[in-house]
Amino acid sequence: MVTLDKSYVSPVPTNWTQQSVQDFAETTAAKLGYQPGGDIEHVVRLLGGMVTDEHWDSPSATGYIEVRDSRDFTINLSPLASGTRRRFTTAHELGHYILHTHMGKLHPVRITREGSNRLEWEANWFAAGFLMPTAEFKRLVKEGRNDAELAFHFDVSMSAVEIRRTVLG
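Sequence positions in the sequence shown follow the working numbering and run -8 to 160.
Set out below in structure tokens:
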């Protein structure tokens, strides 16, 4: 869901395929030196952003991003979210920053992580590709790793692994 405050610009989806978004996320992670299970907040800082905790009224929202300018953005996370949920939400919001604000060129923008629309799907696809690269995921599955081992390796939730396994076949 995009905040309707008139002071914010409305981002638009890329309309790329799921595979294209995930491939782009994997390439982006590699360019930024991110390794699976690594420090996602370090990547945010490399891009000029910061991650903060913020309490808000919506129990279903786990985070949102506020983009003020290029290299000036904040990812706000619910302090109630688990560690693996925080990591996925951070990667999701990073997807919004990279895909939907073009690294902050479109600003000011505020995108909340609620609801289900094309923007949210793309950010989820980005997060999955960024955190769980296809080749490594498939290699570990072929080696016989179970979902719990995959979740530990990539430092994501079991549900993220289950969805990734389904998508990758």
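For every residue, glycine included, the Cβ atom is placed at its ideal position computed from N, Cα and C.
Secondary structure note for GLY40: it is in no alpha helix (DSSP H), and the uninterrupted beta strand (DSSP E) holding it is 40 to 44. Taking the C-beta atoms as reference points, VAL0 is found nearer than 8 Å to PRO99. The beta-carbon separation of TYR55 and ARG101, rounded to 7 Å, stays under the 8 Å limit for a contact. Straight-line spacing of the CA atoms in VAL147 and SER(-2) works out to 35 Å.
Burial check for GLN13: the Cβ neighbour count within 10 Å reaches 16 or more, so the residue is buried.
Under the DSSP definition of a beta bridge, ASN67 partners with THR43 and TYR55. The DSSP-derived three-state label of VAL100 is strand. DSSP places ASP48 outside both helix and strand once states are collapsed to three, so it counts as coil.
In terms of CA proximity to THR43, PHE64 leads the group GLN26, GLY29 and PHE64. Residue pairing by DSSP places ASP60 opposite ASP63 in a beta bridge.
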